[in-house]
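Q: Residue numbers (this note's numbering), protein chains in the order written: chain A, 150 to 404; chain B, 8 to 321. Handing you a structure now.
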Ligand SMILES: Nc1ncnc2c1ncn2[C@@H]1O[C@H](COP(=O)(O)OP(=O)(O)OP(=O)(O)O)[C@@H](O)[C@H]1O
Ligand SMILES: [Mg+2]
């Protein structure tokens with residue numbers, strides 16, 4: 150990577166409607182800055198998943214402009230989408246595991262699609278499954294796994310290829326608070342040590358407090374509130390608005 | 008709690024993933040799904056039989072034409088034995104002088120009687136029952152209608168002083184309807200093969216579309232994880248290839264078994280005409296190419312179908 154864009158994602162007046170229904174997202178404008186940690190909150194039906202779908206390129210907006218990695222996503226031909234999707238890691242709200250593949254093969258999928266050497270696949274996937282506590286369930290297919298187990302497989306799959314942006318839709322909805330914290334630590338580790346931009350949609354207000362220098366995006370009936378402007382303007386260099394020094398230190402230490 | 012593992016850097020080149028691993032993405036490879044392999048097997052068997060039939064008919068027609076087209080028979084119908092002998096000699100002389108004729112053979116009376124015996128009884132005396140004299144004539148090449156007419160008029164001129172009459176029978180003339188029937192049958196075989204090919208393509212199209220619909224969720228996931236259309240297409244190609252190859256092999260075996268049975272039936276007829284319809288090495292090569300062609304047709308159809316389906320997705 151030669152130069153890192155100062156903004157990794159930029160939404161401008163984005164609107165989304167499904168079919169001829171009313172807009173589920175209206176005038177959504179925000180910027181994601183590299184290496185930042187975001188929470189996306191809002192009532193059920195507020196449009197969190199819809200916004201994330203635009204972000205992980207599963208959906209095109211009805212209006213507005215979306216730029217990612219410095220490229221206009223609206224005019225991007227579909228043949229170029231894989232290139233951008235491979236820079237993203239996604240935890241889908243309903244997991245979307247491939248039903249006839251084992252936990253191992255599901256987690257390995259992004260690596261294999263990227264043509265990663267098989268020895269490396271075996272090693273990375275093995276480590277990751279061990280860390281999410283699923284080594285013993287490696288050969289199980291999703292159907293035979295609990296909701297929490299499936300969720301952990303989904304998370305492992307999202308982070309396995311070391312994405313530049315991690316997009317997680319309710320990633321801790323099916324696990325106990327202890328596991329939720331552990332998974333959050335995985336996201337933070339990626340954020341701190343690799344500089345991955347993380348965006349986590351969640352209902353869980355307790356979670357928000359666990360990442361001190363995170364930014365909160367609040368959706369209300371399809372509209373994004375940004376009272377401080379933190380979602381539009383870049384954070385102060387090497388620091389985050391309202392962030393303590395500890396965050397900067399750990400980032401610096403990792404580099 | 009141990010430190011979370013931070014995944015290693017992954018090459019982001021948009022190459023195709025390793026074939027073996029990526030293609031396990033669809034349903035388990037060992038299982039043949041649905042009736043498609045069997046439909047393909049039936050269709051390939053039909054093509055094998057139709058093609059073998061068509062090729063065999065072609066050989067039959069070619070051989071028969073080669074045997075018969077350059078020969079004619081001349082008949083001399085005259086009740087009186089002496090007159091008949093005289094006329095036959097005159098006719099033979101006239102024929103021998105003709106440039107197109109390479110050999111003339113008067114069929115001996117005994118041979119004629121042997122031929123007629125089954126129909127007319129043992130003691131046929133040519134005095135009692137007048138039988139025509141026959142002359143087998145071989146031509147240097149197959150004669151046109153005009154040339155046959157020339158031959159006829161040469162005979163007429165030769166026999167006129169003797170008050171006799173000869174008739175030229177070109178075997179190719181009376182065999183023409185047979186040839187026409189044979190070539191009609193060959194066209195029928197071709198038409199059958201075309202129709203069956205269309206049916207095969209349709210079956211594959213339906214199957215590929217169904218497979219795509221059944222695996223749509225998987226395809227979407229693969230897309231969202233950064234899979235390319237080429238990778239998705241290849242996954243489907245693999246399963247089409249597997250099913251079509253299975254069907255083609257079974258179809259070929261069934262078709263060959265049917266041909267062998269038919270062959271046994273015809274062989275017991277012990278007819279010269281049938282044995283000349285046997286298949287040559289090149290014919291067998293054509294038949295062996297049918298399953299290969301079927302698999303290729305299935306692959307191309309599958310690829311086009313999946314390509315279309317993919318274009319409707321983001
Ligand atoms: N595919 C779709 N077709 C039509 N309407 C949809 C579709 N997906 C979502 N919606 C509607 O869009 C609105 C926002 O849905 P969305 O899933 O984005 O909400 P959410 O904030 O993720 O909710 P939750 O917290 O329950 O997951 C809802 O009113 C929903 O009914
Ligand atoms: Mg949602």
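Don't be surprised by glycine CBs; every beta carbon is placed ideally from N, CA and C. All of these numbers come straight from a predicted model, not from anything done at the bench.
Please state the DSSP three-state secondary structure of residue 238/A.
A: By 1-based counting over the first chain, the position of residue 238/A is 89. Three-state result, residue 238/A: strand.
Q: Looking at C-beta atoms only, is the number of pairs between the stretch 286-300 of chain A and the stretch 309-318 of chain A that lie closer than 8 Å three or more?
A: No, the stretch 286-300 of chain A is not in contact with the stretch 309-318 of chain A.
Q: With which residues is residue 216/A paired in a DSSP beta bridge?
A: Along the first chain, one-based indexing puts residue 216/A at 67. DSSP output for residue 216/A lists 159/A and 221/A as bridge partner(s).
Q: Measure from the C-beta of residue 305/A to each C-beta in chain B and report whether the shortest distance is under 7 Å.
A: For the purposes of this step, residue 305/A is identified with residue 156 of the first chain, where counting begins at 1. It does not: the Cβ of residue 305/A has no partner Cβ on chain B nearer than 7 Å.
Q: Could you confirm whether any beta carbon from chain A is found closer than 7 Å to the beta carbon of residue 231/B?
A: Mapped onto the second chain, residue 231/B falls at position 224. Residue 231/B counts as touching chain A.
Q: If you draw a straight line from the alpha carbon of residue 377/A to that of residue 174/A, how long is it in whole angstroms?
A: Your numbering for residue 377/A matches position 228 in the first chain. Your numbering for residue 174/A matches position 25 in the first chain. If you take the alpha carbons of residue 377/A and residue 174/A, they lie about 20 Å apart.
Q: Does residue 277/A get closer than 7 Å to chain D when you measure Cβ to Cβ?
A: Checking the listed chains, one finds no chain D in this structure; the protein chains it contains are A and B.
Q: Can you tell me which of the three DSSP states residue 26/B falls into?
A: For the purposes of this step, residue 26/B is taken as the residue at position 19 of the second chain. Residue placement at residue 26/B is flagged as unreliable, the pLDDT there being 44, under the threshold of 50; a coordinate-derived value is accordingly withheld.
Q: Compute every distance between the C-beta of residue 242/A and the non-hydrogen atoms of ligand 2, then say whether any falls below 6 Å.
A: By one-based count along the first chain, residue 242/A stands at place 93. At least one heavy atom of ligand 2 is nearer than 6 Å to the Cβ of residue 242/A, so yes.
Q: Curious, which full-length alpha helix (DSSP H) runs of at least 4 residues does the stretch 170-240 of chain B contain?
A: Fully enclosed alpha helix (DSSP H) runs of 4 or longer: 178-221 and 223-231.
Q: Is the Cβ of residue 286/A closer than 7 Å to any Cβ of chain B?
A: Here residue 286/A refers to the residue found at position 137 of the first chain. With 7 Å as the cut-off, residue 286/A does not count as an interface residue toward chain B.
Q: For the alpha helix (DSSP H) holding residue 270/A, just list the boundary residues, first then last.
A: Taking the first chain and counting its residues from 1, one reaches residue 270/A at position 121. Its alpha helix (DSSP H) spans residues 267-280.
Q: Residue ranges of each alpha helix (DSSP H) run of no fewer than 4 residues wholly in the stretch 57-129 of chain B, ordered along the chain?
A: Runs found: 88-104 and 116-127.
Q: Counting only Cβ pairs nearer than 9 Å, list the residues of chain A close to residue 238/B.
A: Within the second chain, residue 238/B is the residue found at index 231, counting from 1. Simply 231 and 262.
Q: Do residue 226/A and residue 233/B have their C-beta atoms within less than 7 Å of each other?
A: Counted from its first residue, the first chain places residue 226/A at position 77. Counted from its first residue, the second chain places residue 233/B at position 226. In this structure, residue 233/B does not lie closer than 7 Å to residue 226/A by Cβ.
Q: Using a threshold of 6 Å, is the CB atom of residue 190/A nearer than that to any non-hydrogen atom of ligand 2?
A: Locating residue 190/A in the first chain gives position 41, where the first residue counts as 1. Checking the Cβ of residue 190/A against ligand 2 gives no.
Q: Counting only C-beta atoms, is residue 207/A closer than 7 Å to chain B at any point?
A: Looking up residue 207/A in the first chain gives position 58. Residue 207/A counts as touching chain B.
Q: Less than 7 Å between CB atoms is the rule here; does residue 235/B satisfy it with respect to chain A?
A: The count along the second chain starts at 1 and reaches residue 235/B at position 228. Cβ-Cβ to chain A under 7 Å: yes for residue 235/B.
Q: Buried or exposed: which applies to residue 224/B, given that a residue is buried once 16 or more other Cβ atoms fall within 10 Å of its Cβ?
A: In the second chain, residue 224/B corresponds to position 217, counting from 1. Result: exposed.
Q: Less than 6 Å separating the Cβ of residue 197/A from some heavy atom of ligand 2?
A: In the first chain, counting from the first residue as 1, residue 197/A sits at position 48. Yes, since a heavy atom of ligand 2 falls inside the 6 Å radius drawn around the Cβ of residue 197/A.
Q: Is DSSP giving residue 176/A helix, strand or coil here?
A: As a position in the first chain, residue 176/A is number 27, starting the count at 1. In this structure, residue 176/A counts as strand in the three-state DSSP scheme.
Q: In angstroms, rounded to a whole number, what distance separates the CA positions of residue 100/B and residue 157/B?
A: Walking along the second chain from the start, residue 100/B turns up at place 93. Walking along the second chain from the start, residue 157/B turns up at place 150. Residue 100/B and residue 157/B: Cα-Cα distance of roughly 15 Å.
Q: Just how far apart, CA to CA, sit residue 206/B and residue 167/A?
A: Translated into the one-based positions of the second chain, residue 206/B becomes position 199. Translated into the one-based positions of the first chain, residue 167/A becomes position 18. Rounded to whole angstroms, residue 206/B to residue 167/A spans 39 Å at the Cα level.
Q: Report yes or no: do the stretch 235-250 of chain A and the stretch 268-282 of chain A share at least 3 C-beta pairs separated by less than 8 Å?
A: Taking 8 Å as the limit for Cβ pairs, the verdict is that the stretch 268-282 of chain A does not touch the stretch 235-250 of chain A.
Q: Which residues of chain A have a Cβ atom closer than 7 Å to the Cβ of residue 228/B, listed in chain order?
A: Here residue 228/B is taken as the residue at index 221 of the second chain, counted from 1. Those within 7 Å of residue 228/B in chain A are 245 and 247.
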